[in-house]
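My numbering applies: residue 122 is where the sequence shown begins, and numbers increase by one.
Report on the following structure.
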Amino acid sequence: MQTWQSPEGPLSLGRFPYDMENRGHPTSSLQAWNGADTLLAEHLKTVSAGTIKKVLLLNDQFGALTCFAAKCGHSVRVIADSRLSRDACLKNLELNRLKADEAIFLNLPDTTGLGDWHCDIVLMQIPKSNALLEYQLALIADLHAGLLAPGTEVCAGGMTRDIHNSTSELFTSCIGTSHTSLAAHKARLVHSIFTPEITAAQVKKILAKWPQKLVLTEVGLPEITVCNLPGVFSASGHDKGSLLLLRCLKNNAGLVPANAHIIDCGCGNGLLSLAAAKLFPDASFVCTDESLVAIESTRLGFVLNGINGRGSFLWTDCLEGVEPDSADMVLCNPPFHQGQGQTQTLEIARRMFEQSKACLKSGATLLVVANKHLGHHRYLEDLFGRSTVLAESDGFVIISALKA
Numbered sequence: 122m123q124t125w126q127s128p129e130g131p132l133s134l135g136r137f138p139y140d141m142e143n144r145g146h147p148t149s150s151l152q153a154w155n156g157a158d159t160l161l162a163e164h165l166k167t168v169s170a171g172t173i174k175k176v177l178l179l180n181d182q183f184g185a186l187t188c189f190a191a192k193c194g195h196s197v198r199v200i201a202d203s204r205l206s207r208d209a210c211l212k213n214l215e216l217n218r219l220k221a222d223e224a225i226f227l228n229l230p231d232t233t234g235l236g237d238w239h240c241d242i243v244l245m246q247i248p249k250s251n252a253l254l255e256y257q258l259a260l261i262a263d264l265h266a267g268l269l270a271p272g273t274e275v276c277a278g279g280m281t282r283d284i285h286n287s288t289s290e291l292f293t294s295c296i297g298t299s300h301t302s303l304a305a306h307k308a309r310l311v312h313s314i315f316t317p318e319i320t321a322a323q324v325k326k327i328l329a330k331w332p333q334k335l336v337l338t339e340v341g342l343p344e345i346t347v348c349n350l351p352g353v354f355s356a357s358g359h360d361k362g363s364l365l366l367l368r369c370l371k372n373n374a375g376l377v378p379a380n381a382h383i384i385d386c387g388c389g390n391g392l393l394s395l396a397a398a399k400l401f402p403d404a405s406f407v408c409t410d411e412s413l414v415a416i417e418s419t420r421l422g423f424v425l426n427g428i429n430g431r432g433s434f435l436w437t438d439c440l441e442g443v444e445p446d447s448a449d450m451v452l453c454n455p456p457f458h459q460g461q462g463q464t465q466t467l468e469i470a471r472r473m474f475e476q477s478k479a480c481l482k483s484g485a486t487l488l489v490v491a492n493k494h495l496g497h498h499r500y501l502e503d504l505f506g507r508s509t510v511l512a513e514s515d516g517f518v519i520i521s522a523l524k525a
């Protein structure tokens, strides 16, 4: 836990839920805020001296801006694709004795929780993916959503290394006239004024191109079509590690019992569960991910491939909310970065493995895609008692771990 000296006074913030100190690792270099948060908070402090009361926040990774805006007494609405970010916001609000109901959470594109609430300003952290940024800007600028009134300011922050001419151009095409601030705290702001009469046609065009479809045509694997919303993992091409797991699954079909109940942990666009559903026509699936665009991409894929009745979809942290001792198999291609940031961590994968073991029936199998250099096989060996490398190629290994 560290203290952010915000423009409204000190705030205690943690990098929930994967605060490294929980496993005995030092956290001195890992803050729950960055320079862009500081610039956005300073800007809000300046403009809120006028008529700014209602604040819409996007991509607040650990809740620094949510806590700041709540501490300033603003009416706050938060849009978060990441379930981990939402949970971090709630925990940091509690840590600072700020009421959770001072920040109401919304999901794009569904904004029914707004009612008659209309924002005075939008503050957002710029995501790493330009496609996701463009999509988010189009969603909030969509006149049907009613989030923005003409003249509303959209102010976005990012680290200087991540803001390019193309970034500013996206704001101009989706929101309206834009300009970029000078650098401070190793960050910059992009200021835009919503001008719907200029941007409406472009916004409609952007929204019409999603989701994008990608057909799987690998020899020996079932032909399926995945649906990709922007920002979802491996949207531009099928992940080699996932393809290796599917080939391995086909070659080891005896691992899957009849009428199997299979969990796709960290499902992304649903490639693993969609292909497995074709390989095992009597299996049922639970697909989980902490990204809402991933969950929606997978759900759309099940509908498009005509197998919607065989899948359920859970927006959650790893396997939170999944019934213990319920699964005949867990498929897992774990991340090694947290959120939109570049922080590398093994904690997410290890949490996935631990929860997978709890959700598996006795005698059931966890199949993991792993980069060879990450050493997941050693952790799985300690956790399950034994693990087996079933296949390896292109720097990936497929590890099988059996729950005794």
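Glycine residues also receive a C-beta, built at the ideal position from the N, C-alpha and C atoms.
What you are looking at is a predicted structure, and each value in this text was computed from that prediction instead of being measured.
- Per DSSP, V353 is not a residue of any alpha helix (DSSP H), being assigned neither H nor E.
- Remark: C-beta atoms of E475 and L504 approach each other more closely than 9 Å.
- Just so you know, the alpha carbons of D283 and A308 end up roughly 9 Å apart.
- Counting the other Cβ atoms within 10 Å of the Cβ of L303 gives fewer than 16, which makes it exposed.
- The bridge partners DSSP lists for I345 are L337.
- Under the DSSP assignment, P131 falls in the beta strand (DSSP E) whose first and last residues are G130 to L134.
- Bridge partners of N492 according to DSSP: F517.
- In the three-state reduction of the DSSP assignment, A522 falls in the strand class, which pools E and B.
- Beta-bridge partners of H312 (DSSP): C276 and H300.
- With a contact defined as Cβ atoms closer than 8 Å, E129 and F189 qualify at about 6 Å.
- In the DSSP assignment, S294 falls within the alpha helix (DSSP H) that extends over N286 to C295.
- The beta-carbon distance between C386 and I519, rounded to whole angstroms, is 15 Å. This is too long to meet the 8 Å contact definition.
- Between the alpha carbons of S363 and H195 lies a distance of about 45 Å.
- Less than 9 Å separates the beta-carbon of I261 from that of L268.
- As a beta-bridge residue in DSSP terms, S412 pairs with S203.
- Here W154 is near L134, since their CB atoms are less than 9 Å apart.
- The Cβ-Cβ distance between G278 and L244 falls below 9 Å.
- Around the CB of L395, 16 or more other CB atoms lie within 10 Å, so the residue is classed as buried.
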